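Residue numbers (our numbering), protein chains in the order written: chain A, 1 to 304; chain B, 1 to 304. Every residue gets a Cβ at the ideal spot worked out from N, C-alpha and C, and that includes glycine. The structure displayed is predicted, hence computed values, not measured ones. Following: one structure in structure tokens, then a few remarks.
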């Protein structure tokens, strides 16, 4: 299972009562954060999942509302006692930007590992997180992310027996990729059936609704997408500022055949997102408005 | 008159319900901010004094809880339409630290003027603000600040007449330093009596209660001082971390003969500062606990 929390729902600048857009994922106690604007650590503190177990922070881009909280959260992760490496993923320039911000957070008890994205798309695995990225269309270099939690096949007793895998390691091979027994190497595919459907969450802000997003978000259990402007009349503004309307996010959700859409990254001018809800809901019925610390637990489908 | 707002009262890290310690001053609509941690712009937004008229930001030191909100507030000041220069004052290294943070806020519509403090004490004037600084004792280089709003002498008709200052410029010279009339230069001291008592506010965090603070804060109408720890039993911890107890701040207030003390910069471990109020109040009766957005308007004393 995968826990998801939308830590904030604001865009552009932090405002009273609305933290900046960021998403936190948790699998087996290990956490992955996407974006970290000013105040993200405060809403995260309210959530109560702790800070020490953040293994990865992904950045969509380097506008301040998506990264200004980084030095503070690094210090807080350190204060929580982390000594294991922390992986940062983001557009190229990530190390340069981070080292600039770290002039006020120079001493940390854990090492930082940088992964700078240079390709237009690709996939990186960190622990159980399969992190896919796609270059999108904003004023500066920006990426959408998709998090897949893979699910292994079921134990296949016939396969295990026919391949003469010793019974002693059946259980171990259901958890690990490979194991040695009496001098011979065995791999998990020798005891498992076909990989089963996993869980996928996509996160997309800030961008225009480009076509490449459709296959990228395809079939996501949850699609978290920016809805910078509610009114369809603001399309020209959305085009100029490289953002999306509620209706454009909903159309992406429909075309990408996702299960559920959460709108977020509301402009400070959108004081009541519900006023514009129908602009998305009429296109994609399973739309929900994001709220600070809105949570969901996604499960693997019933075993088949 | 001088408006003062204590924007936040937290130390170390931002926590739910308590913004980081910062002070905002306003004279004739012109604002001066001291310290700017993560979230300062949000509590300032709640206050409602706007952002455009911030002329000066002073930094006590470069620990993240005192400066991490800088890139965000610079962008917000820019969004508010400021084009006039902004003066930043702080320990040496200020430009280097700020330029690091500005990797996420590179484009601003106003120039920044840096004043890096290298002396142990001194005074700088920016508009009506006479800003005094004193090097204090913290883990890193740190300064206390004192803001004086000077008050000119009263109009002295006898002096003006005897020095043959033309009546046409009497009014002007009561507001301006000097003016020319019919080819001759006149200065304000030709029409004004002795300078009258002004208004003074001192701001002191993070430091041990060093003796040099006593003359520095002398006679302040308001002394805003850190009270990192409430319990007197935490003295050893305060000494190690170079912070103050409530009782130490109160003793400074007493020795400095200030009018009023506001305690602030509470440790995240101090969830209810009022529990320890008596530790300060018993030493200095006019002690008040700081609260987020606590305000006061200080007036010049009645004319004499």
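When C-beta atoms of the segment 196 to 208 of chain B are compared with those of the segment 218 to 236 of chain B, three or more pairs fall below 8 Å, so the two segments count as touching. Judged by DSSP in its simplified three-state form, residue 109 of chain A adopts coil rather than helix or strand. If you look at residue 87 of chain A, you'll find it isn't in any alpha helix (DSSP H); it sits in the beta strand (DSSP E) that goes 86 to 91. Residue 20 of chain B places its beta carbon less than 8 Å from that of residue 8 of chain B. Separation of the CB atoms of residue 264 of chain B and residue 230 of chain B is rounded to 13 Å, and the pair is thereby denied contact status at 8 Å. Contact check for residue 255 of chain A against residue 214 of chain A passes: the beta carbons are separated by less than 8 Å. C-alpha of residue 56 of chain B to C-alpha of residue 125 of chain B: approximately 11 Å in a straight line. Rounded to the nearest whole angstrom, the CA to CA distance from residue 1 of chain A to residue 193 of chain A is 20 Å. Just so you know, the alpha carbons of residue 155 of chain B and residue 11 of chain B end up roughly 46 Å apart. In the structure shown, residue 269 of chain B falls within a coil segment according to DSSP collapsed to helix, strand and coil. Contact between residue 174 of chain A and residue 191 of chain A holds: their C-beta atoms lie close to 7 Å from each other, under 8 Å.
Residue 246 of chain B and residue 216 of chain A have their alpha carbons spaced roughly 57 Å apart.
Neighbourhood of residue 272 of chain A in chain B, by CB distance below 9 Å: empty, with the nearest CB roughly 18 Å away. Neighbours of residue 97 of chain A across chain B, judged by C-beta separation under 9 Å: 103 and 104. Any Cβ of chain A closer than 8 Å to the Cβ of residue 2 of chain B would place that residue at the interface, and such an atom is absent. The beta carbon of residue 32 of chain A lies closer than 6 Å to those of 25, 56 and 129 in the same chain, with the five residues before and after it left out.
Contact annotation: residue 51 of chain B and residue 77 of chain B have beta-carbon atoms nearer than 8 Å. Against residue 68 of chain A, the close residues of chain B are 71, 72 and 104, in the order they occur along the chain (beta-carbon pairs closer than 7 Å). Your pair residue 258 of chain B and residue 219 of chain B checks out as a contact, with CB atoms roughly 7 Å apart and the cut at 8 Å. The alpha-carbon of residue 75 of chain B is positioned some 7 Å away from that of residue 108 of chain B.
For the segment 273 to 293 of chain A, no residue has a beta-carbon sitting nearer than 8 Å to a beta-carbon of chain B. Around the C-beta of residue 279 of chain A, 16 or more other C-beta atoms lie within 10 Å, and the residue is accordingly described as buried. Residues of the same chain with a CB within less than 8 Å of the CB of residue 39 of chain B, apart from the 5 flanking positions on each side, are 8, 14, 19, 20 and 69 in chain order. Taking 7 Å as the upper bound on Cβ-Cβ separation, chain B lies near residues 38, 39, 41, 42, 45 and 46 of the segment 37 to 53 of chain A. Using a 10 angstroms sphere on the CB of residue 23 of chain B, the tally of other CB atoms reaches 16 or more, which defines it as buried. In the structure shown, residue 104 of chain B adopts helical secondary structure according to DSSP, grouped into three states. In the DSSP annotation of this structure, the continuous segment of the alpha helix (DSSP H) that includes residue 240 of chain A starts and ends at 235 to 241. Going by DSSP, residue 288 of chain A is part of no alpha helix (DSSP H) but of the beta strand (DSSP E) stretching over 287 to 289. The contact set of residue 76 of chain B on chain A, defined by CB atoms closer than 8 Å, consists of 13 in chain order. Interface residue (Cβ-Cβ distance to chain B less than 8 Å): residue 300 of chain A is not classified as such. Residue 45 of chain B and residue 16 of chain A have their alpha carbons spaced roughly 7 Å apart. Residue 80 of chain B has a beta carbon lying at 8 Å or more from every beta carbon in chain A.
With a cutoff of 8 Å on beta-carbon distance, residue 250 of chain B and residue 287 of chain B are scored as near each other. Shown here for residue 84 of chain A: same chain residues with a beta carbon closer than 8 Å to its own, the five before and five after excluded, namely 55 and 110 in chain order. Think of a sphere of 7 Å around the beta carbon of residue 64 of chain A: the chain B residues whose beta carbon falls inside it are 71, 72, 75, 104 and 105, in chain order.
The beta carbons of residue 178 of chain A and residue 185 of chain A sit about 6 Å from each other, so the pair counts as a contact at 8 Å.
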